[in-house]
């Protein structure tokens, strides 16, 4: 299918806010010129509005279906704002030429920024590559269909059969019928949620949507026409029915479009949260993988093992090898797990601490005060081990000044604390370990970790899930 390459648009010097301002000026200029030559400006302003919506949406890779809905809502909102907002502006700017120009410029700014905010719901990282190519025939059909729809309704509402009073009267009849309003809201909500999902071809989905909307609107119009459920016998007249049908159809389309936009916004937010969660989970797994092959940790472990072998302490060497293997086995086993039980993590942390004690001898201790009732609660895998590692990394460890890490439970949080014993030669801290743990808890449970440093102590509290 024919496509449009929008890479030049993405790389152009004109930003989206600048484009919005330019369209606002163009709307104002057309409004002024049309008033000066006494020309009705509905069609050119509608074309500009459609162009603004399509350009912003395409720049941010919005789906074609959502482009159609945004364009439809934009043109309808423009009609309302131009009809009723102009009266308010006219009271402030008492000039028959500049009042409409100011009205359309304000609306264009509001519409442009609204579409821009909506288009960015999925986040910048969700954007496709510069070679993304929307189908040209589909975009053209969308624009022409909405333009014809707008022109048709303008001609209908401006005809002798319709007056401002009659439009308001038909709208009031709809709003006063509670059953019809509830049916319209519930029906469109259900229709948006189902959306003919089993139909895979887009053209058939579109046809199905149109047919269902026309039939659904007919039912609602009949309810209003016969004043259900408190109606009375009434002869059917085609022209009054069609006049009511035109108003109900327009309202139903707008309600459907608003529900569709709301559903899209909610889905986009959920997908963005899930994507961020996957990204942070991947980053956390990568950091764990680096730990698994950390050359310093492995080098120190091999040095300790070499010392034990040379001293012919075969039993200690064998125990050390088993503990080292268990640590790596645990990290590999839980590489893809988002949560582990506190009991599993404590077993791993104890073995890791025993490896460190072989290195630091009597200069390093870990003290546990964990009640049995919380052992089946969950935490992020390797989080406790990372905190123990950070304590030995950033503090001096010696027999004369032993470092003690205390692990306790306070309410629903695991508390890990150690006394501050700054090294003479400090190792640079990137903070990535704590940052990754913090992000994991935010992504999984939307709960923050607590980090506190006093003059004498460093404390980290992890939520128990």
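Numbering (my numbering), first residue to last: 1 to 465.
Each residue gets a CB set at the ideal place from its N, CA and C atoms; glycine is no exception.
Rounding to the nearest angstrom, what Cα-Cα distance links residue i and residue j in this structure?
| i | j | result |
| --- | --- | --- |
| residue 447 | residue 349 | 23 angstroms |
| residue 494 | residue 159 | Only positions 1 to 465 of the chain appear in the structure, and residue 494 is not among them; the question remains open. |
| residue 244 | residue 22 | 39 angstroms |
| residue 362 | residue 398 | 8 angstroms |
| residue 331 | residue 73 | 52 angstroms |
| residue 27 | residue 175 | 33 angstroms |
| residue 228 | residue 237 | 17 angstroms |
| residue 401 | residue 424 | 13 angstroms |
| residue 326 | residue 412 | 28 angstroms |
| residue 89 | residue 436 | 53 angstroms |
| residue 14 | residue 53 | 16 angstroms |
| residue 301 | residue 113 | 58 angstroms |
| residue 91 | residue 100 | 11 angstroms |
| residue 240 | residue 213 | 20 angstroms |
| residue 20 | residue 172 | 35 angstroms |
| residue 347 | residue 364 | 18 angstroms |
| residue 161 | residue 209 | 29 angstroms |
| residue 103 | residue 64 | 29 angstroms |
| residue 293 | residue 392 | Summary for residue 293: the model assigns pLDDT 45, below 50, so the residue's position carries little reliability; its value from the coordinates is reported in the next sentence. Going from the Cα of residue 293 to the Cα of residue 392 covers about 18 angstroms. |
| residue 306 | residue 298 | 12 angstroms |
| residue 47 | residue 148 | 11 angstroms |
| residue 166 | residue 80 | 16 angstroms |
| residue 351 | residue 329 | 12 angstroms |
| residue 314 | residue 360 | 19 angstroms |
| residue 441 | residue 87 | 53 angstroms |
| residue 372 | residue 455 | 32 angstroms |
Going along the chain, which residues of its own chain have a beta-carbon closer than 6 angstroms to the beta-carbon of residue i, five neighbours each way excluded?
| i | result |
| --- | --- |
| residue 407 | 368 and 416 |
| residue 395 | 403 and 421 |
| residue 337 | 381 |
| residue 469 | Nothing can be reported for residue 469, as the shown portion of the chain is limited to 1 through 465. |
| residue 253 | none |
So, are the CB atoms of residue i and residue j less than 7 angstroms apart?
| i | j | result |
| --- | --- | --- |
| residue 387 | residue 345 | no |
| residue 220 | residue 184 | yes |
| residue 355 | residue 333 | no |
| residue 75 | residue 150 | yes |
| residue 444 | residue 414 | no |
| residue 353 | residue 374 | no |
| residue 30 | residue 17 | no |
| residue 69 | residue 260 | yes |
| residue 304 | residue 358 | yes |
| residue 142 | residue 97 | no |
| residue 409 | residue 449 | no |
| residue 144 | residue 265 | no |
| residue 192 | residue 263 | yes |
Grab the span of the alpha helix (DSSP H) containing residue i for me, first residue to last.
| i | result |
| --- | --- |
| residue 351 | 342-360 |
| residue 115 | 98-119 |
| residue 453 | No alpha helix (DSSP H) holds residue 453; the beta strand (DSSP E) holding it covers 450-453. |
| residue 17 | 16-36 |
| residue 191 | 178-194 |
| residue 467 | The requested residue 467 does not occur in the structure, where the chain is confined to residues 1 to 465. |
| residue 330 | 314-333 |
| residue 432 | 432-445 |
| residue 51 | 42-59 |
Once the 5 residues before and after residue i are set aside, which same chain residues still bring their CB inside 7 angstroms of it?
| i | result |
| --- | --- |
| residue 390 | 433 |
| residue 451 | 434 and 460 |
| residue 129 | With a pLDDT of 38 at residue 129, under the threshold of 50, the modelled position of this residue cannot be trusted; read the value that follows with caution. Counting only Cβ-Cβ distances below 7 angstroms, and skipping sequence neighbours, we find nothing. |
| residue 226 | 234 |
| residue 170 | 243, 244 and 247 |
| residue 308 | 316, 317 and 320 |
| residue 154 | 42 |
Tell me which residues share the same chain as residue i and place their Cβ nearer than 8 angstroms to its Cβ, disregarding the 5 neighbours each side in the sequence.
| i | result |
| --- | --- |
| residue 378 | 339, 340, 341, 342, 464 and 465 |
| residue 376 | 341, 342 and 343 |
| residue 223 | 177, 179, 180 and 183 |
| residue 457 | 417, 418, 419 and 420 |
| residue 480 | Residue 480 cannot be examined here, being either before or after the span of the chain that is shown, 1 to 465. |
| residue 255 | 184, 185 and 188 |
| residue 311 | none |
| residue 146 | 50, 68, 71, 72 and 75 |
| residue 453 | 420 and 459 |
Name the two residues that bound the continuous beta strand (DSSP E) containing residue i.
| i | result |
| --- | --- |
| residue 417 | 413-419 |
| residue 461 | 457-463 |
| residue 368 | 364-369 |
| residue 399 | Unbroken run through residue 399: none, as it is neither H nor E. |
Exercise. Does the region 174-193 come close enough to the region 242-251 that 3 or more CB-CB pairs lie under 8 angstroms?
Worked result: yes
Exercise. Do the region 112-122 and the region 34-51 meet, that is, are 3 or more Cβ pairs less than 8 angstroms apart?
Worked result: no
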